[in-house]
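Q: Please see the structure below; I have some questions.
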């Protein structure tokens, strides 16, 4: 339970990855033996458009220190236009959390294609470092949330 | 019935075993409080994907009467299907199985063995929690009919009809005009080879009319289409006085409505009237073909002819692909009619993408046709003012001017798109499902687009596309066979649905319809592809994406942040 | 493995894969033969495809996966066709399966075997822009993800010295040096030939300096240079290994005059290359030396405009292939004629040659083996240029993709689907009789 | 979006503006222009108001256009009989502008069908807080009359009313009553759609008066309100910005979900947050307790509010009923109004303005709006 301060803090980061692009990129990163922060846990969805407000907010209010939603680049969606909807929903969530100044930086959307194994590793590790910097999700310190 | 979860961890030789302490993973799992009431069968294996491993798995599932299965190994992209096939040999429903990727996304990316071990335990715990919330999914079969409706009796429609029709497959061919053949039947010589095309098209028309498996409806249009892939219900409307209606059922629909030419007089920079000796490429095709000569309004043969390419290209924003070839062909035809007619071709960029085109062009050039590359032109009656590449202005006045107008979608395209519920793209032509991978399909399963309805193209491309649609239909709508819809689709819980139709808006495949009776939205699993977009769009949580339900994702998430 | 199939598909590029998948979904059994150790063909060398700049791997990987996983498609890599007899409905075919020396069943693709291999060579799949070991997979993410041994260079197999480094490193006993080439007899009711294309060897154009100057690249080389799974992980670095180009010249129509046709796709890919460069190196100057711009179809001109908007300089040359490229200090110098006839010189760091699409080198042999005709350009000849561009001169044998002539991925897929239509009908007829 | 008409009819006021409006409503029924009128009416106990669909003209006298309070949001009333499609009756609904804006959103969400409905709005001086009115309804009535007649402008309305900049005619209403300020001067009857024009024609009323002055006075007030709005939002921000402030404001929530059931935009049959899916199993709640050192009940109180913001803030019309509904006086409306201002700003969306303007999350954009693009970039840096 690393809920006290940044020291030795191992964040809990959840990644919702689309099956066709980013999950494939994650595998490519793996078979290329690229090092990736263990704080990052992958949850596979068929399309980034499957990720809804409740899923993200529940993840966040359950104490995740960071949430990454990642899918195919705009225009590349395996389901025609799914990622455009994902982008809209992300925009809404960001502005709600932004308005409430609830660390909206803990939520990130990235487009990572199946061939971008290296980029996947970079994005995930940078995000993990950012979250490490930010410290634990304040919700985890609070019995009332 | 009591739960019994099998958990199998693959060593993948050293790949997992060396980076993850599998025994301590097993200890961690067994020690998990939340699992103390669940019966677990946890084992490790050297290589589960090997034949020996698969047999081991099969035995374990059967002998232990497992109710759920978790396999921790490589990426599901590698071997999920392998293990699903193993499940299919046992009483265990494959959707009660969850694969955990502890190789690509754990062993290979986390150098520290202890961390990797904890991570693996985390992933496996998540999977164990998840499978408990997974539910059996069963494939179902639905009736479908192999018959096909083809809209448009041009070359593409004819080709499709002929390659589709068989004893087991009836074809309904609908044509607005009073006769079949479409624009192609107006072309005398066909590119790239210089032989007559008309007789061949006439032959196809004959074959279509003689086939007892093809029913032709001329002077008829499609009034309405309901239903879906395998089961479309169509109403045809006769354009004759009686306006009679015909009702049909078909499994697939091929749209082959072709193209029209842009009217040059509607464009700025082309000022002429019907009395001027200014013609479109199509008019000249007809003239040469039907009268075997080229002549002016006066009846005389022109002494000089100027052909103008790319008419309306800028306005339309695309190159119509076939005009360059067509104009070269016309130039040749005129040259063949008389060696002493002066022929100029004003062009911007010659588009000769077919392997045969270049040679033909060289020939025609040899035969004494002047090709002039220009930046832009202005036409007034028969006088043409053009700007050369170096910016210099020049002028030609010739007895006859022939224009190559851009191809545009056939009249009525928008209405048809409306009726069929398929999109048009920014150019106004029908939009393909995927530019590269699914070029003759639409986002609506079972509706295909071929020929110039899909975009500017020549006869050979149109025929090829018609055959491609047949390839799709012959492999998807097999006489006597049922359609087996995807099982990992969305499902709408009636009692939660408020009928706001947001899901209808967001579905890219038109897989959701609104049941006016009940006032709720309904997913058609024949069309649904299971992306889950609708599930996320529903504020009431009335839509569940099967195998990716909120509950299932939550349980995974809960463990991830344990 | 049961040796009788409904259809034999030769070549596992986008056309061959699409055809196989469609046939399998239609309930037909397919034998898919590929001479290389991996499937995917040329399209997987591209990072992105025009006109939407859509990621190639995202598009094609799911297809490759499905092909490898389906029970009704037998994929035979490192395999060529040797003999064909029989007729439509029942061809009997002899395949020549070259040894991979690594068992597809036993290997799990961990890659532990590359490291210890003492031999390193140019990786020709990567257009020789990177090194590989004697045991290798052509690129990260290659499918099937199982290495192959280059017998000619492997110390052990070439008999230079007894080396078992890879075998010792393999925990699965997947490596078997004793594996021999084998002949496989199969039967098939119909055949689809999709052997694809190659690009014209540009060395022949001495004036363009390919092979002479480090800064000159073929379009294929550039595709790999840009690819994020390629030799430089997508960084645009010149052969010297450090310099990134500040200015690039792209030369159209290389080999058009010699080949006697326009390949119809190079203009579009040249715009793509220009856009790529502008995306990764916004400050780089890009020049396109073009003759007629060939952008057929409803989407292409828009893409051309996009390249213009990126600030690419377009310079018209009646005959770009006759441009003069010389070395000039560290860089290159190109001499060309302006519209008004004046001579101009520009200096660039990099030259990309958009060379003509030609038939795959195997084409003449395949034509011989299957007893089908080629056209005078070397592509397979179809029964009729207009009314039928998939039927070859021999009943029951169809052609799809660039084996029939230069075309883009879209047309290749269309042709593949159309060949499938023909095959389905042809098989139906033969079932009846 | 269609613009507001510039002509109106000046109707002489007899016995107060609201009386005049009632007379007009009555004549609409008598002339058979409508089969029914939806209007608010004081309940027999005289301590609140209800929506009544009136068929009998004589009932009209008991009605009150613009009640002092918003007990039930008008859009909800309208929804209750048009959700399943238009009825056969032609009906006029006399409502507050915020109620009409909620109606517009519900039309987009297929919860209201307007085919046979005519929307009549009135310049709104705001409404009194329910808590205040309920204590002493008669005082409330008096205060509101003074406010409405312009006698006393200091009467304090609900906080959201004080910063409301949509209190007057909207593009989406068919007919509007514009108050000219001084009592007795008369009210403007403004046709604002074909429906509206037709009614005036049938009633043989000419709309020939130019509205310039009235429009200017409205514009002035709007500008003023916008300023107050901005200031108020600063206060609200300090109330909720950051995890701790959020708690200070919402920790007292008792999880009754009244705000949601009162909200006209929350149209779900069963709120997601009341559904089984949203409930977590005990182990997980204990896991949370373990991590946080303790956990309070009912769980996920804050999640509920933030979740509701993401579900409905794009459509929120700041009508304020949620605040009135809150038994522990959390300023729900102020917070939602503030958040809505941000989310709608991000998507360049104006809730309740234009029936043709689709709700942003129900459609996609190939080129995303600047607001969203920026959010994506920020995150990636």
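Protein chains in written order, with this note's numbering: chain Y, 444 to 588; chain X, -18 to 543; chain A, 66 to 498; chain Z, 83 to 463. The beta-carbon is built from N, C-alpha and C at its ideal position, and this holds for glycine as well. Computed from a predicted structure; not experimentally measured.
Restricting to Cα atoms, I'd like to know which of 344(Z), 267(Z), 324(Z) is closest to residue 581(Y).
A: For the purposes of this step, residue 581(Y) is taken as residue 138 along the first chain, with counting starting at 1. The residue with the shortest Cα to Cα distance from residue 581(Y) is 324(Z).
Q: Considering only residues of the stretch 384 to 459 of chain A, which uninterrupted beta strand (DSSP E) runs meet the minimum length of 3 residues and lie entirely inside it, listed in chain order?
A: List check, beta strand (DSSP E) in window: 389 to 393, 396 to 402, 408 to 413, 415 to 420, 422 to 424.
Q: In whole angstroms, what is the alpha-carbon distance linking residue 512(Y) and residue 340(A)?
A: Against the first chain, residue 512(Y) aligns to sequence position 69. Against the third chain, residue 340(A) aligns to sequence position 275. For residue 512(Y) and residue 340(A), the distance between alpha carbons rounds to 28 Å.
Q: Counting only beta-carbon separations shorter than 8 Å, does residue 538(X) have a partner in chain Y?
A: As a working note, residue 538(X) is residue 557 in the second chain. Yes, its Cβ sits closer than 8 Å to a Cβ of chain Y.
Q: Take the Cβ of residue 0(X) as the centre, count every other Cβ of all protein chains shown within 10 Å, and call the residue buried at 16 or more, exposed below.
A: Along the second chain, one-based indexing puts residue 0(X) at 19. The residue in question, residue 0(X), is buried, as its Cβ has 16 or more Cβ neighbours within 10 Å.
Q: For a test of the three-state rule: what should DSSP assign to residue 70(A), helix, strand or coil?
A: Sequence index remark: in the third chain, residue 70(A) carries index 5 (1-based). The answer is strand: DSSP assigns residue 70(A) an E or B state.
Q: Taking 7 Å as the line, does the beta carbon of residue 125(A) fall inside it for any heavy atom of the ligand SAH?
A: With respect to small molecules bound, the structure shown includes none, and the ligand SAH cannot be examined in it.
Q: How far does the alpha helix (DSSP H) with residue 451(X) in it extend, from its first residue to its last?
A: The count along the second chain starts at 1 and reaches residue 451(X) at position 470. Here the alpha helix (DSSP H) through residue 451(X) covers 440 to 457.
Q: Since residue 528(X) and residue 115(X) should fall inside the 8 Å C-beta cutoff, what is the C-beta to C-beta distance between them, to a whole number of angstroms?
A: Start at 1 with the first residue of the second chain, and residue 528(X) comes out as number 547. Start at 1 with the first residue of the second chain, and residue 115(X) comes out as number 134. About 7 Å; that satisfies the 8 Å criterion.
Q: Can you check DSSP and say which residues form a bridge with residue 472(Y)?
A: Position 29 of the first chain, counting from 1, holds the residue named residue 472(Y). DSSP, once it has assigned bridges, lists no residue as partnering residue 472(Y).
Q: Could you tell me which whole alpha helix (DSSP H) segments of length 4 or greater appear in the stretch 306 to 390 of chain A?
A: With a minimum length of 4 residues, the continuous alpha helix (DSSP H) runs that stay inside the stretch 306 to 390 of chain A are 321 to 324, 331 to 345, 365 to 374.
Q: Could you name the residues of the same chain whose beta carbon sits closer than 7 Å to that of residue 71(X), not counting the 5 residues immediately before and after it, in chain order?
A: Here residue 71(X) refers to the residue found at position 90 when the second chain is read from its first residue. Only 39, 42, 43 meet the Cβ criterion.
Q: Against chain X, with Cβ distances strictly below 8 Å, would residue 494(Y) count as a contact?
A: To locate residue 494(Y), count along the first chain from 1; it is residue 51. It does: the Cβ of residue 494(Y) has a partner Cβ on chain X nearer than 8 Å.
Q: Please list the partners that residue 490(Y) has in chain A, where partner means a Cβ-to-Cβ separation under 8 Å.
A: Along the first chain, one-based indexing puts residue 490(Y) at 47. Correct list: empty, because the minimum Cβ distance to chain A is about 12 Å.
Q: Residue 458(Y) lies in the beta strand (DSSP E); which residues open and close that run?
A: Locating residue 458(Y) in the first chain gives position 15, counting from the first residue. Start and end: 456 to 461.
Q: Do you know offhand how far residue 56(Z)'s Cα is from residue 112(Z)'s?
A: For residue 56(Z) there is no data in the structure shown, the boundaries of chain Z being 83 and 463.
Q: Would you kindly check if the distance between the Cβ of residue 357(A) and the Cβ of residue 331(X) is under 8 Å?
A: Against the second chain, residue 331(X) aligns to sequence position 350. Against the third chain, residue 357(A) aligns to sequence position 292. Cβ distance < 8 Å, so residue 331(X) and residue 357(A) count as in contact.
Q: On the criterion of 16 or more Cβ atoms from any shown chain inside 10 Å, does residue 409(Z) qualify as buried, or is it exposed?
A: By one-based count along the fourth chain, residue 409(Z) stands at place 327. Exposed, because fewer than 16 other Cβ atoms sit within 10 Å of the Cβ of residue 409(Z).
Q: Is residue 414(X) helix, strand or coil when you go by DSSP?
A: In the second chain, the residue the question calls residue 414(X) occupies position 433. Three-state result, residue 414(X): coil.
Q: Assuming residue 437(X) and residue 293(X) form a contact by the criterion Cβ under 8 Å, report the distance between their Cβ atoms to the nearest whole angstrom.
A: Within the second chain, residue 437(X) is the residue found at index 456, counting from 1. Within the second chain, residue 293(X) is the residue found at index 312, counting from 1. Going by Cβ atoms, the distance from residue 437(X) to residue 293(X) rounds to 11 Å, so no, they are not a contact pair.
Q: Residues of the stretch 102 to 132 of chain Z with a CB closer than 8 Å to any CB of chain X: list them in chain order, please.
A: Answer set for the stretch 102 to 132 of chain Z: empty.
Q: Name the chain Z residues whose beta carbon is nearer than 8 Å to that of residue 475(Y)?
A: Looking up residue 475(Y) in the first chain gives position 32. None at all; the shortest Cβ gap to chain Z is about 22 Å.
Q: For residue 173(Z), which beta-bridge partners are listed by DSSP?
A: Start at 1 with the first residue of the fourth chain, and residue 173(Z) comes out as number 91. According to DSSP, which records beta bridges pairwise, residue 173(Z) is partnered with 118(Z), 199(Z).
Q: Taking all protein chains shown into account, decide if residue 190(Z) is buried (16 or more other Cβ within 10 angstroms of its Cβ) or exposed.
A: The count along the fourth chain starts at 1 and reaches residue 190(Z) at position 108. Answer is buried; the Cβ neighbour count reaches 16.
Q: What is the DSSP secondary structure of residue 89(X), counted as helix, strand or coil?
A: Within the second chain, residue 89(X) is the residue found at index 108, counting from 1. Here residue 89(X) sits in coil by DSSP.
Q: So for residue 205(A), helix, strand or coil by DSSP?
A: Position 140 of the third chain, counted from the start, is the residue given in the question as residue 205(A). If DSSP states are grouped into helix, strand and coil, residue 205(A) belongs with coil.
Q: From the DSSP output, in three-state form, read off residue 184(A) for me.
A: Position 119 of the third chain, counted from the start, is the residue given in the question as residue 184(A). Coil at residue 184(A), not helix or strand.
Q: Exposed or buried, residue 536(Y), counting other C-beta atoms within 10 Å across all chains shown (16 or more means buried)?
A: Residue mapping note: residue 536(Y) aligns to position 93 of the first chain, counting from 1. By the neighbour-count rule (16 or more Cβ atoms within 10 Å), residue 536(Y) is buried.
Q: Does the CB of residue 451(Y) have a neighbour CB from chain X at under 8 Å?
A: By 1-based counting over the first chain, the position of residue 451(Y) is 8. It does not: the Cβ of residue 451(Y) has no partner Cβ on chain X nearer than 8 Å.
Q: My assumption, with CB atoms under 8 Å, is that residue 349(X) sits in contact with residue 302(X). Please give the rounded CB distance.
A: Here residue 349(X) corresponds to residue number 368 of the second chain, with the count starting at 1. Here residue 302(X) corresponds to residue number 321 of the second chain, with the count starting at 1. Residue 349(X) to residue 302(X), Cβ: 26 Å. No contact.
Q: Could you check what DSSP says for residue 412(Z) in three-state terms: helix, strand or coil?
A: Against the fourth chain, residue 412(Z) aligns to sequence position 330. Of the three classes helix, strand and coil, the one that applies to residue 412(Z) here is coil, per DSSP.
Q: Find the residues of chain Y that neighbour residue 112(A), judging by a C-beta separation of less than 8 Å, and give them in chain order.
A: For the purposes of this step, residue 112(A) is identified with residue 47 of the third chain, where counting begins at 1. Here the neighbours are 558.
Q: Going by C-alpha to C-alpha distance, which of 492(Y), 455(Y), 532(Y) sits closest to residue 453(Z)?
A: Locating residue 453(Z) in the fourth chain gives position 371, counting from the first residue. Checked all of 492(Y), 455(Y), 532(Y); the closest Cα to residue 453(Z) is 532(Y).
Q: With 8 Å set as the bound, which would you pick, yes or no: does the beta-carbon of residue 288(A) sit closer than that to a beta-carbon of chain Y?
A: Reading the third chain from its first residue, position 223 is the one you call residue 288(A). No, no contact with chain Y.
Q: Figure out for me which residue from 501(X), 426(X), 164(X), 112(X) has the closest Cα to the Cα of residue 440(X).
A: Numbered from 1 along the second chain, position 459 holds the residue referred to as residue 440(X). The option with the nearest alpha carbon to residue 440(X) is 164(X).
Q: Hey, how far is the Cα of residue 162(X) from the Cα of residue 86(X)?
A: One-based indexing of the second chain puts residue 162(X) at position 181. One-based indexing of the second chain puts residue 86(X) at position 105. The straight-line gap from Cα to Cα measures roughly 58 Å.
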